[in-house]
Amino acid sequence: MNKLLLILSLFCSALFAHAREYADTAVYQGMSVKIDIGTPILEIARSGGKMQDYEAAINVRLAKRFYPTLEGGFALAECGADGGQHNGKGVFGRVGMDLAVVKKGTTENNMLIGLRVGGTHQNYDLTQVMQYSDYWGHQRLDFYNQNRFDCWGEFVTGCQVQVYKGFQMGWYLRMKLLFTRKADDAIVLPYYLPGFGYRKDFQWGFNYYLAYKF
């Protein structure tokens with residue numbers, strides 16, 4: 015958590031410094047719509063169709079270097095969960111800001127760094143979960159129609175390249191930190207979080223997208 019707060023502080027300091035530098039620049043400079051094609055292909059190929067993750071994004075270019083970004087999507091997951099089975103589906107969203115690394119230039123090609131806050135709501139079943147009690151001993155339990163909201167923070171880095179008259183492609187590498195880590199009902203926590211990944215405190219993520227700039 016301290017590392018994430020340090021990254022947030024440094025990012026905000028750089029943001030304010032560059033905002034002063036570009037105070038006289040025309041503010042709105044276009045909007046891009048992005049479709050992630052990398053994650054769905056990788057998840058479906060790796061899981062044989064049992065894991066599906068789809069997402070899209072919109073960002074706006076402001077004063078050459080600032081990119082307010084909104085991302086959203088949905089995911090389906092059927093996977094093993096510590097000896098049991100997780101079956102769930104849910105929606106997710108992220109909001110944040112990217113900063114172009116290169117200060118000068120008129121092209122749409124650039125390296126980006128940024129921050130995100132993400133959240134997901136999903137419905138899921140956990141079945142065949144092993145539990146032990148002094149009275150009943152070992153037993154397998156099923157938990158149906160569970161609902162849960164989770165949230166996390168991200169530090170992202172990536173690039174975007176214009177390939178032809180408004181058409182762009184690029185990628186993001188994501189470092190994710192889960193905020194909703196534990197709960198009193200820990201036995202029924204979901205094993206997979208849409209938009210985040212497998213339930214761990216820390217996750218890496220990768221997106222490869224196609225985009226069009228208006």
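For any residue, its number in our numbering is found by taking its place in the sequence shown, counting from 1, and adding 14. All C-beta atoms in this analysis are idealised placements derived from N, C-alpha and C, irrespective of residue type, glycine included. Since this is a predicted model, take the numbers as computed values, not measurements.
#1: Let me confirm a value: Val116 is counted as buried when at least 16 other C-beta atoms fall within 10 Å, else exposed. Which label applies?
#2: Consult DSSP for Gly63 and reduce its assignment to one of helix, strand or coil.
#3: Considering only residues of the same chain and omitting the five flanking positions on each side of Gln136, which have a CB-CB separation below 7 Å?
#4: Give the range of the beta strand (DSSP E) segment to which Gly180 is assigned.
#5: Would Glu57 pass as an interface residue toward chain B - the criterion being a Cβ-Cβ separation below 8 Å?
#6: So, for Gln176: in the same chain, excluding its five sequence neighbours on each side, which residues have a beta-carbon less than 8 Å away from its beta-carbon?
#7: Between the beta-carbon of Val143 and the beta-carbon of Gly98, is there less than 8 Å?
#8: Check the C-beta distance from Glu85 over to Arg60 and give it rounded, since I have them as a contact under 8 Å.
#9: Buried or exposed: which applies to Gln174, given that a residue is buried once 16 or more other Cβ atoms fall within 10 Å of its Cβ?
#10: On the premise that Gly110 lies in contact with Thr83, defined as a C-beta separation below 8 Å, what is that separation, rounded to the nearest angstrom?
#11: Going along the chain, which residues of its own chain have a beta-carbon closer than 7 Å to the beta-carbon of Arg195, five neighbours each way excluded?
#12: Cα-Cα, which of Cys165, Phe106, Ala91 is closest to Tyr138?
#13: Can you tell me which residues form a DSSP beta bridge with Asn159?
#14: Which runs of the beta strand (DSSP E) at least 3 residues long sit entirely within the stretch 43 to 87? Give them in chain order.
#15: Taking only the alpha-carbon atoms, compute the straight-line gap between Trp218 and Val47 and give it to the nearest angstrom.
#16: Helix, strand or coil for Val41 per DSSP?
So, from the listed chains and residues:
#1: Around the beta-carbon of Val116, fewer than 16 other beta-carbon atoms lie within 10 Å, marking it exposed.
#2: In this structure, Gly63 counts as coil in the three-state DSSP scheme.
#3: Taken in chain order, the residues that qualify are Gly102, Lys103, Gly104, Arg162, Pro204, Pro208.
#4: Following the DSSP letters along the chain, one finds Gly180 in no beta strand (DSSP E), marked with neither H nor E.
#5: Of the chains in the structure shown, none is chain B; there is only one protein chain.
#6: These residues qualify, in order along the chain: Thr121, Glu122, Asn123, Gln182, Lys227.
#7: If you check the CB distance, Val143 and Gly98 come in under 8 Å.
#8: Contact flag wrong, Cβ pair sits at about 22 Å.
#9: Under this definition Gln174 is a buried residue.
#10: Their Cβ separation, rounded to whole angstroms, is 5 Å, which keeps Thr83 and Gly110 in contact under 8 Å.
#11: Residues of the same chain with a CB within less than 7 Å of the CB of Arg195, apart from the 5 flanking positions on each side, are Asp215 in chain order.
#12: Nearest option by C-alpha distance: Ala91.
#13: Note: Asn159 sits in no beta bridge, so no partner.
#14: Annotation: the stretch 43 to 87 contains the following complete segments of the beta strand (DSSP E) (minimum length 3 residues), in chain order: 65 to 76.
#15: Those two C-alpha atoms are separated by around 23 Å.
#16: Correct three-state label for Val41: coil.
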